[in-house]
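Peer 1: In the numbering used here, the protein residues as written are 63 to 684. Built from N, CA and C at the ideal position, the CB exists for glycine as well. Dropping a structure here in structure tokens format, bear with me for questions.
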Ligand SMILES: [Zn+2]
């Protein structure tokens, strides 16, 4: 069929426009061959037009809720056009912006630069990310883009060069790979930044099953080759996790899903969510030693749940069009708090947690939030608003500062929402119904659907009408002396204290290499006896102790964590508690007035049905 004359004219006009406008795809070549010595090289070629141009380096990193782009480690920047240098100037006020003037006739601008992966003092993806044997590549650290352009509107064709013999895993679709050279399919800057690459000498991928047309994979890298050979029984709970998550939400919003799991003692330890993958970094022996395994049991389930809560549905203040616009964290008690609840619930349903370990996590959260003097000045909502300065805050006076309490306290709030939905509907409906309605829909590729607090309240009302606005106002916006423990009580349990710690509690102490006596003396100490935190109003605080002081002797004998715990235990039968403390270069003795013995939070059964058993019961078919 011949095209209509008018259409031909239009097509010609469009063709003319297209040849005048710059091609929209940037080319990014990243070289990881020197990553083992903490040096990453990159070259970015951008389509441009002659004249002044401002390029920006990503500042606000999704999932980190903070201006954490590692601009300090972005070095050796050189711009060229056709091989000729082009001078640049950093903006006087915005450290993340670079001004250049593109010479007449130029169509492409090339930026060559290096990134210096941190050796440990950055935060999250800007923290330790390389070892002699592996590297986690976060693309946001290796791009510049035109100021004012939305990340959806920038196309990038990325390629990657790996050290010889290294393998890789990523959710980013690959166009072709040969040996250590990989070419990725063209992607938007949004997708690129959302798709980190895990590469390493010792790396293996394990299929976790196909659900609704999407494949799921566990990609494991480690400094030790033996750590990446996983048994069927180690993999099995992750296969169940994939099925439980899909059963809970009823649909997914990814083309495929990759858990990137780094087992190393030489990278920063954290998890970061993405739409189609997650970047999970834990100590090397996490899958073989029970301490780090139990303490991290719900890390992968938390990060995967973010694909629904955080990536697909996102608080409006965090759904920004690019990486320069500041994020607003007022709904982090939903973004992170509800995800903490989802991660806990899914870990229980897929068997990564036993019921007892799952209760252990709730007890630790409830206990910790009960020794928080900061509750009397900072409402929960402010911990989210201030998240950008609270992440990475020191542990000293954490109980007074509160820190990122929206994780644990948000989890308690959402547990209470679940039990409330159940009681309002006499057991007919639950949080599962809300999750399916709010996060489900139809399976397909990633998309973002922002939400407000009113959207949440409306969705909850649709499951069970109630004064949800008042419910959240009382828990989130108000100063509350006690944490929200209503969900635990409604589930048939209560917060209690015992003289021994739960298995979960001990595993967290082991992971953080600390002794946690906040519930007895009111202190949290590091391995060497340094006080990481002192709870105001506690026996230690009343005696005059403060953070950063170091306990060197307990009742006249050299400090060890066990000796201190023994002395606390013996205080019950009248034993003394005299601590010799080193504070800078000064030594001083402190006598503590405490007779309560050791005390640790745990959950104790009340009467009525055990709702935890119902909440944590598997939903997916086996
Ligand atoms: Zn999270």
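1. Relative to ligand 1, is the shortest distance from any of its heavy atoms to the C-beta of residue 471 smaller than 6 Å?
2. Given a cut-off of 7 Å, decide if residue 192 and residue 13 are closer than it, judged by their beta-carbon atoms.
3. Just to check, is the beta-carbon of residue 25 closer than 6 Å to a non-hydrogen atom of ligand 1?
4. Could you tell me which residues DSSP puts in a beta bridge with residue 244?
5. Quick one: give me the first and last residue of the alpha helix (DSSP H) that residue 499 is part of.
6. Pick out whichever of 310, 268, 501 and 349 has its Cα sitting closest to the Cα of residue 319.
7. Which of helix, strand or coil does DSSP assign to residue 207?
8. Enumerate, from N- to C-terminal direction, the unbroken beta strand (DSSP E) stretches of 3 or more residues contained entirely within the region 244-322.
9. Quick check: does the Cβ of residue 398 come within less than 6 Å of any heavy atom belonging to ligand 1?
10. Could I get the ranges of all uninterrupted beta strand (DSSP E) runs contained in the region 609-682, with 3 residues as the minimum, in chain order?
11. What residues in its chain sit with their C-beta under 8 Å from that of residue 681, if we drop five residues either side in the sequence?
12. So if DSSP puts residue 414 in a beta bridge, which residue, or which two residues, is it bridged to?
13. If you drop the 5 nearest sequence neighbours on each side, which residues of the same chain put their C-beta closer than 8 Å to that of residue 668?
14. Hey, would you say residue 471 sits closer than 7 Å to residue 545, going by beta carbons?
15. Which value, in whole angstroms, describes the spacing of the CA atoms of residue 249 and residue 489?
16. Can you list the alpha helix (DSSP H) stretches of 4 or more residues lying completely in the region 320-358, in chain order?
17. Check the DSSP bridge columns for residue 558 and list the partner residues they point to.
18. Would you decide whether residue 85 is buried or exposed? Buried here means 16 or more other CB atoms lie within 10 Å of its CB.
19. Does residue 505 come out as helix, strand or coil in the three-state DSSP assignment?
20. Should residue 236 go down as buried or exposed, given a rule of 16 or more other Cβ atoms within 10 Å for buried?
21. Could you give the first and the last residue of the continuous beta strand (DSSP E) run that contains residue 172?
22. Measure the C-alpha to C-alpha separation of residue 538 and residue 147 and round it to an integer number of angstroms.
23. Ignoring anything shorter than 4 residues or poking outside the region 380-416, list the alpha helix (DSSP H) runs there in chain order.
24. Are there 16 or more other CB atoms within 10 angstroms of the CB of residue 241, so buried, or fewer, so exposed?
25. What do you reckon, is the C-beta of residue 592 under 6 Å from a heavy atom of ligand 1?
26. Taking the beta strand (DSSP E) that residue 154 belongs to, which residues open and close that run?
27. Is it the case that the CB of residue 445 approaches a heavy atom of ligand 1 more closely than 6 Å?
28. Can the beta-carbon of residue 605 be found less than 7 Å from the beta-carbon of residue 566?
29. Determine the contact status of residue 641 and residue 613, defining contact as a CB-CB distance below 7 Å.
30. Within 8 Å, do at least three Cβ pairs link the region 471-485 to the region 453-460?
31. When the distance is taken between beta carbons, is residue 360 closer than 7 Å to residue 409?
32. So the candidates are 198, 208, 251 and 190; which of them puts its Cα closest to the Cα of residue 218?
33. For the candidate residues 141, 164 and 151, whose alpha-carbon lies nearest to that of residue 110?
34. By the DSSP assignment, the beta strand (DSSP E) with residue 513 in it spans what residues?
35. Need the endpoints of the beta strand (DSSP E) that residue 138 sits in, please.
Peer 2: From the atom records:
1. Answer for residue 471: no, Cβ out of range of ligand 1.
2. Since the first and last residues shown for the chain are 63 and 684, residue 13 lies out of range.
3. The displayed coordinates of the chain run from 63 to 684. Any statement about residue 25 would go beyond what the structure contains.
4. Residue 244 is bridged by DSSP to 222 and 239.
5. Element bounds for residue 499: 493-501.
6. Out of 310, 268, 501 and 349, 268 has the C-alpha closest to the C-alpha of residue 319.
7. Three-state DSSP puts residue 207 in a strand.
8. Taking only runs of at least 3 residues, the beta strand (DSSP E) segments lying wholly in the region 244-322 are 259-262, 264-273 and 276-284.
9. Result yes, Cβ under 6 Å from ligand 1.
10. Uninterrupted beta strand (DSSP E) stretches at least 3 residues long and entirely within the region 609-682 occur at 612-616, 640-645, 648-653 and 662-667, given in chain order.
11. Cβ neighbours of residue 681 beyond the five flanking positions: 306, 309, 310, 411 and 494.
12. According to DSSP, residue 414 shares a beta bridge with no other residue.
13. Cβ-Cβ distances below 8 Å link residue 668 to 551, 554, 555 and 556 in the same chain, with the five nearest sequence neighbours on each side left out; the list follows chain order.
14. Yes. Within cutoff.
15. Just so you know, the alpha carbons of residue 249 and residue 489 end up roughly 46 Å apart.
16. DSSP runs (the alpha helix (DSSP H)) wholly in the region 320-358: 352-357.
17. BP columns for residue 558 point to 664.
18. Annotation note: pLDDT 48 at residue 85 (below 50); position unreliable, coordinate value reported separately. Exposed, because fewer than 16 other Cβ atoms sit within 10 Å of the Cβ of residue 85.
19. Here DSSP, grouped into helix, strand and coil, assigns residue 505 to coil.
20. Exposed.
21. From DSSP, the beta strand (DSSP E) with residue 172 extends over 170-177.
22. Linking residue 538 to residue 147 through their CA atoms gives a straight-line distance of about 54 Å.
23. Within the region 380-416, the complete alpha helix (DSSP H) runs of at least 4 residues are 394-397 and 399-412.
24. Burial call: exposed.
25. No, the beta carbon of residue 592 sits no closer than 6 Å to any heavy atom of ligand 1.
26. Premise fails: residue 154 is in no beta strand (DSSP E) and is neither H nor E.
27. Relative to ligand 1, residue 445 has its C-beta separated by 6 Å or more from all heavy atoms.
28. Cβ distance not < 7 Å, so residue 605 and residue 566 don't count as in contact.
29. Yes.
30. No, the region 453-460 is not in contact with the region 471-485.
31. Less than 7 Å divides the Cβ of residue 409 from the Cβ of residue 360.
32. Nearest to residue 218 by alpha-carbon distance, out of 198, 208, 251 and 190, is 251.
33. The shortest C-alpha separation from residue 110 is found at 164.
34. In this chain, the beta strand (DSSP E) harbouring residue 513 covers 511-513.
35. Per DSSP, residue 138 belongs to the beta strand (DSSP E) from 136-143.
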